[in-house]
Amino acid sequence: MGLVLDRVRRDVGALTHIHETTLRLPPGTMTVLLGATLAGKTSLMRLMAGLDRPTSGRILVEENGRERDVTGLPVRERSVAMVYQQFINYPNLSVFENIASPLRVKGLPKAEIDGKVRAMARLMQLESFLDRMPLNLSGGQQQRTAMARALIKGADLVLLDEPLANLDYKLREELREELPRIVRMSNATVVYATTEPQEALLLGSHTATLWQGRVTQYGPSAEVYRRPQDLITARIFSDPPLNLLPVTKTGAEILLPDGSKAPATGALTGLADGDYQLGFRAHQLGLRAPAGTSLHFDGKVVVSEIAGSESFVHVECSGGRWVALASGVYRLEPGTPIAVHIEPTTVFVFDSAGKLAHAPAFLSAA
Amino acid sequence: MTTESLSTSATRSAAEATPKARSAFRFNGGSLTLGLYLFFLVLPIYWLVVMSLKTNAEINSGMTLWPREITFDNYRTIFTDPSWYSGYINSLTYVVMNTVISITLALPAAYAFSRYRFLGDKHLFFWLLSNRMAPPAIFALPFFNLYSAIGLFDTPLAVALAHCLFNVPLAVWILEGFMSGVPREIDETAYLDGYSFPRFFVRIFTPIIANGIGVTAFFCFMFSWVELLLARTLTTVNAKPIAATMTRTVSAAGMDWGLLAAAGVLTLIPGALVIWFVRNYIAKGFALGRV
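Order-wise, the sequence lines are chains R and F. Positions in the first sequence are counted from 1; adding 59 to them yields our numbering. Positions in the second sequence are counted from 1; adding 13 to them yields our numbering.
The following block contains the structure:
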């Protein structure tokens, strides 16, 4: 079942939570809603689920090429399941009864319920907890119970609202690996909300970036990552934050923030004169000078974070405050002078309105 | 260095304190205060119980800490004389009726206050509680007049309904507190699972807030049980509550102290029983479910 949001908008009081949005989610795909907290991920999901009614616009369900308007249809008459960020289970029912609940409501025969629940419990590794009460389980087990309940009814649309956010690291990794497999088996259209760009790349076949109640871009995840349409999308889809360098292009030269000039090479050659923002992710900012032409800046280390075999070096320089990703362990004291290098061929260029003016032709994945 | 010495001294003092605390009960300021408090708390109850076991002659003859001869005549009278035991039956009847009515009405109301925003909801919610603050005496006259007119006067239902005046608001407040402690997402999950609202309310929601319902029932029970003014005003003979019976025991022979004390003891029992059942949740109830 595909889902279509047709010019959907949601106002709460004087505030607009979701600006007019049109989205078409093809059947059987997984879509990641990527955005910061309060970007409107949950609001949008609640509209998709039918828990909230759009102020204007329609929500359609696409089945066998035919569209059906489901705006205003009560949730229980829709084929929707949802998992919340908080672990939501019925505290008065055992894990077994929690998972069985949607089937009981449907009135399935006992033996069938029993078989299905046990199969789902096996998939979610909950078999030994079926008789326990949800509140006596760990967070990960509680969330797996909630997911089992959401998946067991075989809903056409499964909404996962930051389901892994409140879990500890190890479990998150584990569930994140399992999720795509489980989702593929369920054959449902899945929407997954997250604040982490990493998750979007790992999980989603498609990504929709959200910012202040607007979908800024929707498309295959890798494409949104490699060709963000505008500065906002690029910033949402960058972790650590996107590094920015404002420049002014005049003829064959560019004016840098510190007043110095540099030749307009690489991405900047074909562009008209004017103000631009260069955007580059942490891995596009080097600590060693590259072979070709490069822009280089002298600055000072603010802090260096070591992430296993890589280091994130935060640098303060005339261009701004940037983060560089360096392979290897760099133990740099704050205040250490350091030079950073940008390869002009590998940067995003955004015009003064924030639209993408140039994207690098090839990008190795982060 | 400092932390180290602190932690060692803490460990040492803890090691010293443990065997002492175990060894014997020591008298100090705290236990003395507590002892005195308990003494004064229990004293009237003790006096009541002892009095109920004495004869009137002994009660009138002077102060004795323990009955010279224990008599159960007072209790026997209460359990055999219909004018006495019907008082208990009447009281229990309207109290139970009131508790059931209050909870039944308050459940949906509390759910609405807890889950929905509507015009004036906060004002209405507060106004409910302000009803609880009005002295019942104000309502005695209108109730008397109204019930006489419609033929409800001197029935348990009359008292039960009159007590709803303060018990329904109280029940709504307590239940709303407990309900707001249940995340709204539980409701939504149930709808997503396919539950209809009535089914969800009965099968999922009510069991979750069972403690809250128990505590609310206790408060309704207690307030209705101890209320005297409305209960006495709205009844004469047929539905006369025990408290009213107790105030009318002055006979030609004077006050029947022993009998009155026995009636008092029996009046304490239902409350004590109910408290026992909800003892673990009662503090939350006093905080109107908001702990």
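Glycine residues also receive a C-beta, built at the ideal position from the N, C-alpha and C atoms.
Asked                                                                                                                                                                                              : Found
How would you write the range of the beta strand (DSSP E) that R:Ile397 sits in, first residue to last?                                                                                            : 396-401
List the residues of chain F that R:Lys165 touches, going by C-beta distances under 7 Å, in chain order.                                                                                           : Gly207
How would you call F:Asn69, buried or exposed, if buried means at least 16 neighbouring beta carbons within 10 angstroms?                                                                          : buried
Write down the C-beta distance between R:Pro396 and R:Val361 rounded to the nearest angstrom, noting that I regard them as a contact closer than 8 Å.                                              : R:Pro396 to R:Val361, Cβ: 12 Å. No contact.
Going straight from the alpha carbon of R:Arg137 to that of R:Asn195, what length do you get?                                                                                                      : 32 Å
Looking at the structure shown, is R:Val217 part of a helix, part of a strand, or coil, going by DSSP?                                                                                             : strand
Give the residues of chain R in contact with F:Ile221, contact being defined as C-beta atoms less than 8 Å apart.                                                                                  : Tyr149, Pro150, Asn151
Is the distance from the Cβ of R:Ala180 to the Cβ of R:Glu171 below 8 Å?                                                                                                                           : no
Taking the straight line between their C-alpha atoms, what separation do you get for F:Ser18 and F:Tyr50?                                                                                          : Only weak support is given to the placement of F:Ser18: the predicted model assigns it a pLDDT of 44, under 50, and the value that follows is read from those uncertain coordinates. Their backbone Cα atoms lie some 40 Å apart in a straight line.
Counting pairs of Cβ atoms below 8 Å between the region 407-418 of chain R and the region 316-336 of chain R, do you hit three or more?                                                            : yes
Using three-state DSSP, classify R:Phe339 as helix, strand or coil.                                                                                                                                : strand
Would you say F:Leu205 and R:Val139 are within 8 Å of each other, going by their C-beta atoms?                                                                                                     : yes
What is the residue span of the beta strand (DSSP E) that R:Thr81 lies within?                                                                                                                     : 74-84
Mind listing which residues of the region 133-145 of chain R have their C-beta closer than 8 Å to chain F's C-betas, in chain order?                                                               : Pro133, Val134, Arg135, Val139, Ala140, Met141, Tyr143, Gln145
Alpha carbon to alpha carbon, how far is F:Thr280 from R:Ser102? Give it in angstroms, no decimals.                                                                                                : 56 Å
Mind listing the chain F neighbours of R:Ala108? Cutoff is C-beta to C-beta under 9 Å, in chain order.                                                                                             : Glu201, Leu205
What does a CB cutoff of less than 7 Å around F:Trp270 pick up in its chain, not counting 5 residues either side in sequence?                                                                      : Met64, Asn69, Ile72
Considering only residues of the region 170-255 of chain R, which uninterrupted alpha helix (DSSP H) runs meet the minimum length of 4 residues and lie entirely inside it, listed in chain order? : 198-211, 228-245
Just how far apart, CA to CA, sit R:Ile77 and R:Val67?                                                                                                                                             : 8 Å
Since F:Glu198 meets chain R, which of its residues come closer than 7 Å, beta carbon to beta carbon?                                                                                              : Tyr143, Gln145, Ile147
What first and last residue would you give for the beta strand (DSSP E) that runs through R:Asn370?                                                                                                : It should be noted that the sequence gives Ser, not Asn, for residue 370 of chain R. Segment 369-376, the beta strand (DSSP E) holding R:Ser370.
Are three or more beta carbon pairs between the region 332-341 of chain R and the region 296-316 of chain R nearer than 8 Å?                                                                       : yes
Using a Cβ-Cβ cut-off of less than 8 Å, list which residues of the region 91-108 of chain R approach chain F; keep chain order.                                                                    : Ala108
Out of R:Leu344, R:Gly87, R:Ile118, R:Tyr143, which has the shortest C-alpha to C-alpha gap to R:Glu79?                                                                                            : R:Ile118
Hey, is F:Asn293's beta-carbon within less than 8 Å of any beta-carbon in chain R?                                                                                                                 : no
Do the CB positions of F:Ala123 and F:Val55 come within less than 8 Å of each other?                                                                                                               : no
Going by DSSP, what residues sit across from R:Thr307 in a beta bridge?                                                                                                                            : R:Leu314, R:Asp334
By the 10 Å Cβ neighbour count, where 16 or more other Cβ atoms means buried, how is R:Met244 classified, buried or exposed?                                                                       : exposed
Does F:Ala34 come out as helix, strand or coil in the three-state DSSP assignment?                                                                                                                 : Summary for F:Ala34: the model assigns pLDDT 49, below 50, so the residue's position carries little reliability; its value from the coordinates is reported in the next sentence. Reduced to three states, the DSSP call for F:Ala34 is helix.
Do the CB positions of R:Leu82 and R:Val274 come within less than 8 Å of each other?                                                                                                               : yes
For F:Thr106 and F:Pro169, what's the separation of their Cα atoms in angstroms?                                                                                                                   : 6 Å
Between R:Val120 and chain F, is the shortest Cβ-Cβ distance under 8 Å, so that the two count as touching?                                                                                         : no
Evaluate R:Leu84 with the Cβ neighbour count: other Cβ atoms within 10 Å of its Cβ, from every protein chain shown; 16 or more gives buried, anything less gives exposed.                          : buried
Check for me: the alpha helix (DSSP H) holding F:Ser65 runs from which residue to which?                                                                                                           : 42-65
Would you call the CB atoms of R:Met141 and R:His265 closer than 8 Å?                                                                                                                              : no
For a minimum of 4 consecutive residues, which ranges assigned as the alpha helix (DSSP H) are wholly contained in the region 57-117 of chain F?                                                   : 69-74, 86-93
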